[in-house]
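To start, the structure itself, in structure tokens.
There are 2 protein chains.
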Amino acid sequence: MAKKKMSYKDAGVDINAAVNISSRIGTIAKSTFNKRVLSHVGNFGGLFSLIKLKEKNPILVASVDGVGTKVQLARTMNIFNTIGQDLVNHCVDDIAVQGARPLFFLDYIALSTFNAHCITGVIDGIAKACKQNGCVLIGGETAEMPGVYRRGEYDLAGSIVGIVDKNALITGTAIAPGDCLIGLASSGLHTNGYSLALKAVKRGKLNLKRKYTGLRKTLGMELLKPHISYLSFIQKAGRYVHGFAHITGGGFDYNISRILPNGTAAMIDIQAWKTPRIFTLLQEAGIIAQREMYSVFNMGIGMIAIAPPRQAARIIQTAHATGHRAWEIGTIINASARANVRKNGLTTGMVHLKGLAHD
Amino acid sequence: MAKKKMSYKDAGVDINAAVNISSRIGTIAKSTFNKRVLSHVGNFGGLFSLIKLKEKNPILVASVDGVGTKVQLARTMNIFNTIGQDLVNHCVDDIAVQGARPLFFLDYIALSTFNAHCITGVIDGIAKACKQNGCVLIGGETAEMPGVYRRGEYDLAGSIVGIVDKNALITGTAIAPGDCLIGLASSGLHTNGYSLALKAVKRGKLNLKRKYTGLRKTLGMELLKPHISYLSFIQKAGRYVHGFAHITGGGFDYNISRILPNGTAAMIDIQAWKTPRIFTLLQEAGIIAQREMYSVFNMGIGMIAIAPPRQAARIIQTAHATGHRAWEIGTIINASARANVRKNGLTTGMVHLKGLAHD
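Here the protein sequences line up with chains L and G, keeping their order. Residue numbers for the first sequence follow the working numbering, so the first one is 2 and each next one is one higher. Residue numbers for the second sequence follow the working numbering, so the first one is 2 and each next one is one higher.
Here's what the structure looks like:
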């Protein structure tokens with residue numbers, strides 16, 4: 002008896018499902034298109050015209066990111082559009098801090114098995130955030146990878162390309178001792194620290210469906226809140242600012258220190274803003290040291306602008322005008338000044354958190 | 002007794018390992034930089050200058066892709082640099098077919114747990130292929146995602162941005178009945194069909210370490226051969242060609258039909274080239290229908306150029322001159338001509354494979 006013929010579908014890959022979903026994705030992607038998009042869905046690559054740019058000395062700014070294990074939370078909640086927004090807004094912020102405006106976005110979704118609800122949910126969220134940020138979804142890839150992903154699991158990655166005139170590049174090199182740090186509120190964890198957060202939820206036996214005191218929504222919905230795009234704030238405040246730090250993976254330490262020029266350090270008063278309840282709840286549930294909290298989470302501050310003190314009021318006003326809460330949270334100090342070294346043990350690039358519990 | 006404090010590391014994420022690997026990746030990435038790269042590793046986004054471009058009417062061409070379950074084969078073989086090359090070459094081909102030259106590349110690597118051997122292997126391969134294609138590795142993201150990926154598993158995605166002058170765009174709209182199809186040899190499966198291939202290996206109890214008759218290397222090494230970049234061929238042959246089809250996921254049917262203008266179809270003589278042994282070996286081992294083979298695998302043809310017949314000899318010569326084997330493998334026919342419809346049941350966009358076994 003002849004053995005049964007094996008097909009790609011038997012190997013866990015359904016090309017027809019892939020083609021059907023591609024067509025639905027194409028329709029959603031098209032809704033983001035502007036007159037600079039020359040490609041048709043189905044082209045091997047997406048085409049974006051740079052003809053007659055307003056930038057005289059154009060510099061492309063590119064970044065790639067994922068949303069980490071927030072994908073697992075979205076799966077648990079069975080809500081997928083918000084992580085699409087997370088992905089785009091995270092990428093937008095990463096290039097906006099250098100002064101760029103976004104041009105286009107590309108997404109990658111890989112899954113253990115095709116799940117149309119998940120894929121179209123994610124793409125809806127991506128398209129929504131793209132439109133909000135004036136960015137087009139010019140390409141994407143959806144891959145079915147049984148064996149690599151755990152059953153029902155999936156992952157997302159996105160790449161963004163933006164543009165800035167060379168003269169408008171924000172590099173952070175002008176940051177100097179005496180500058181102030183202005184922090185803008187995050188919506189929650191944004192896209193970082195979810196592996197630790199989910200472990201803390203488990204350790205503290207927290208319930209994602211419960212609305213804990215001090216939270217406005219259930220814990221699950223609080224944790225799922227999308228990453229904020231600070232694009233319009235940055236575009237308006239950019240000219241008064243020496244540098245921006247997007248507080249993502251690695252928390253305060255890593256993301257502030259990476260833009261500090263040699264010889265400077267940052268002193269942050271963590272009492273300058275109220276730590277949102279979501280962070281203290283996770284800290285208590287997980288029994289996590291306060292120091293660790295600030296090196297993993299954004300602790301309520303999603304974006305930091307560093308500027309001369311005389312610009313502080315104007316920057317805070319711009320934050321308010323673009324829909325953000327903001328506070329003056331610290332200053333840049335001379336890391337080589339002897340008094341600072343003696344008093345705080347400061348070194349170049351260090352982020353000193355004033356008010357931190359020694360636990 | 003106080004409970005032990007939990008850290009990010011306890012949650013399966015090692016930020017120090019991430020920072021250490023980032024620095025090693027940074028060094029490798031820098032080796033690909035050219036004078037258009039303005040960013041320093043550690044910037045939030047990568048900066049690429051477009052000042053004084055040679056293109057008068059510049060169009061950016063962007064694409065994103067993964068390498069599918071070839072990542073699993075690489076893990077089994079414990080060789081990771083070749084899939085880095087796969088990732089870049091696949092993306093390069095996807096934009097080259099539209100006439101673009103690559104500018105820069107961004108990578109995303111996610112893993113169940115950090116594995117320096119895997120990450121640096123992949124990045125070495127990416128950097129090598131970037132240099133070969135005149136492309137810079139301008140950014141990347143490495144994510145540790147326990148819980149999402151199966152133990153020891155990982156995934157890769159890459160995005161590429163290239164550029165082409167509007168007048169040099171290759172769109173396929175000029176493809177007309179009478180045009181010939183010239184196929185260029187692939188190195189093997191390239192980056193598609195690995196889920197089916199690995200199932201076939203299992204079903205046929207093939208041994209990855211064995212050198213089967215008709216293969217030059219062991220089965221494992223044959224399967225691991227990197228995707229070929231056809232960039233230099235396309236750049237030299239582009240002006241004589243109406244369209245290119247990069248034979249990737251979906252095999253012949255999907256990738257040829259996507260560039261065929263309305264009213265045309267493709268007739269391919271599958272006896273025009275010798276199907277490499279790797280494909281027949283997998284077909285026999287997996288007991289796979291011949292029809293299915295052509296809609297999943299490239300069957301030995303990685304790139305197809307469609308051009309007027311008078312250009313055929315020149316194109317084949319250009320293929321040879323750029324290091325590729327090439328054959329005339331078919332013709333474009335009028336899909337609406339009654340004789341064709343009656344004889345072959347042809348419809349617009351159809352890819353008819355002449356010589357296919359009816360199994």
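Where is the CB? At the ideal position from N, CA and C, for every residue including glycine.
Range covered by the alpha helix (DSSP H) that runs through residue i
i, result
"Gly-264 (chain G)", "Taken as a continuous stretch (DSSP letters only), Gly-264 (chain G) belongs to no alpha helix (DSSP H), as it is neither H nor E."
"Arg-76 (chain L)", "71 to 78"
"Ser-188 (chain G)", "No alpha helix (DSSP H) contains Ser-188 (chain G), which DSSP labels as neither H nor E."
"Gln-318 (chain L)", "313 to 322"
"Arg-151 (chain G)", "Run containing Arg-151 (chain G): none; DSSP gives neither H nor E here."
"Ala-198 (chain L)", "195 to 204"
Residue i: first and last residue of the uninterrupted beta strand (DSSP E) it sits in
i, result
"Ser-64 (chain G)", "59 to 67"
"Gly-13 (chain G)", "Premise fails: Gly-13 (chain G) is in no beta strand (DSSP E) and is neither H nor E."
"Val-109 (chain G)", "The question names Val, but residue 109 (chain G) is Tyr in the sequence shown. Where Tyr-109 (chain G) is concerned, the enclosing beta strand (DSSP E) stretches over 102 to 112."
"Gly-303 (chain L)", "302 to 308"
"Gly-244 (chain L)", "244 to 247"
8 Å contact criterion, which residue i and residue j should meet: CB distance rounded
i, j, result
"Gly-221 (chain L)", "Lys-210 (chain L)", "6 Å"
"Ile-260 (chain G)", "Ala-238 (chain G)", "Contact doesn't hold; Cβ gap of about 15 Å is too wide."
"Lys-355 (chain G)", "Ile-269 (chain G)", "6 Å"
"Ile-333 (chain G)", "Pro-178 (chain G)", "5 Å"
"Gly-287 (chain G)", "Lys-200 (chain G)", "6 Å"
"Gly-47 (chain L)", "Ser-64 (chain G)", "7 Å"
"Val-123 (chain G)", "Phe-81 (chain G)", "5 Å"
"Gly-67 (chain G)", "Glu-142 (chain L)", "6 Å"
Simplified DSSP assignment, three categories, for residue i
i, result
"Cys-181 (chain L)", "strand"
"Leu-357 (chain L)", "coil"
"Met-2 (chain L)", "Per-residue confidence for Met-2 (chain L) stands at a pLDDT of 49, beneath the threshold of 50, marking its modelled position as unreliable; the derived number appears in the next sentence. Coil."
"Glu-285 (chain G)", "helix"
"Leu-1 (chain L)", "What the structure shows of chain L is the stretch from 2 to 360, and residue 1 (chain L) is not part of that stretch, so it cannot be assessed."
"Val-20 (chain G)", "helix"
"Asn-90 (chain G)", "helix"
"Thr-348 (chain G)", "coil"
"Gly-46 (chain L)", "coil"
"Tyr-231 (chain L)", "coil"
"His-118 (chain L)", "helix"
"Leu-138 (chain G)", "strand"
"Glu-223 (chain L)", "helix"
"Ala-327 (chain G)", "strand"
"Ala-273 (chain G)", "coil"
"Ser-8 (chain G)", "coil"
"Val-98 (chain G)", "coil"
"Ala-175 (chain G)", "coil"
"Ala-290 (chain G)", "coil"
"Phe-81 (chain L)", "coil"
"Tyr-213 (chain L)", "coil"
"Ser-296 (chain L)", "helix"
"Thr-33 (chain G)", "coil"
"Gly-250 (chain L)", "coil"
"Lys-218 (chain L)", "coil"
"Lys-55 (chain L)", "coil"
Beta-bridge partners of residue i, as assigned by DSSP
i, result
"Asp-125 (chain G)", "Paired residues: none, contrary to the question."
"Tyr-255 (chain G)", "In DSSP, Tyr-255 (chain G) forms no bridge with anything."
"Glu-145 (chain L)", "L:Leu-112"
"Asn-335 (chain L)", "L:Thr-265"
"Gly-163 (chain G)", "G:Val-62, G:Pro-103"
"Val-38 (chain L)", "L:Phe-49"
"Leu-157 (chain G)", "G:Ile-110"
Residue i: CB within 8 Å of a non-hydrogen atom of the ligand PLP
i, result
"Val-38 (chain L)", "Summarising the ligand content, the structure contains no ligands, and the ligand PLP is consequently not present."
Closer than 8 Å between beta carbons: that is the criterion. Which residues of the stretch 52 to 69 of chain L meet it against chain G? Within the stretch 52 to 69 of chain L, contact with chain G at the beta-carbon level (separation under 8 Å) is assigned to Ile-52, Asn-58, Pro-59, Ile-60, Leu-61, Val-62, Ala-63, Ser-64, Val-65, Asp-66, Gly-67, Gly-69.
Residues of the stretch 122 to 144 of chain G in Cβ contact with chain L at a cutoff of 8 Å, in chain order, please. Only those residues of the stretch 122 to 144 of chain G whose C-beta falls short of 8 Å from the nearest C-beta of chain L are listed: Ile-139, Gly-140, Gly-141, Glu-142, Ala-144.
Taking a Cβ distance cut-off of 9 Å, strictly less, list which residues of the stretch 257 to 287 of chain L are near chain G, in chain order. Listed by position along the chain: Arg-259, Ile-260, Gly-287.
Against chain G: residues of the stretch 86 to 107 of chain L by CB proximity under 7 Å: If the cut-off is 7 Å between Cβ atoms, the stretch 86 to 107 of chain L has Asp-95, Ile-96, Val-98, Gln-99, Ala-101, Phe-105, Leu-107 near chain G.
Can you pull out the residues from the stretch 235 to 248 of chain L whose beta carbon lies closer than 7 Å to at least one beta carbon of chain G? Of all residues in the stretch 235 to 248 of chain L, only His-247 place a beta-carbon less than 7 Å from a beta-carbon of chain G.
Chain G contacts from the stretch 308 to 333 of chain L (Cβ-Cβ distance under 7 Å): Answer in chain order: no residues at all.
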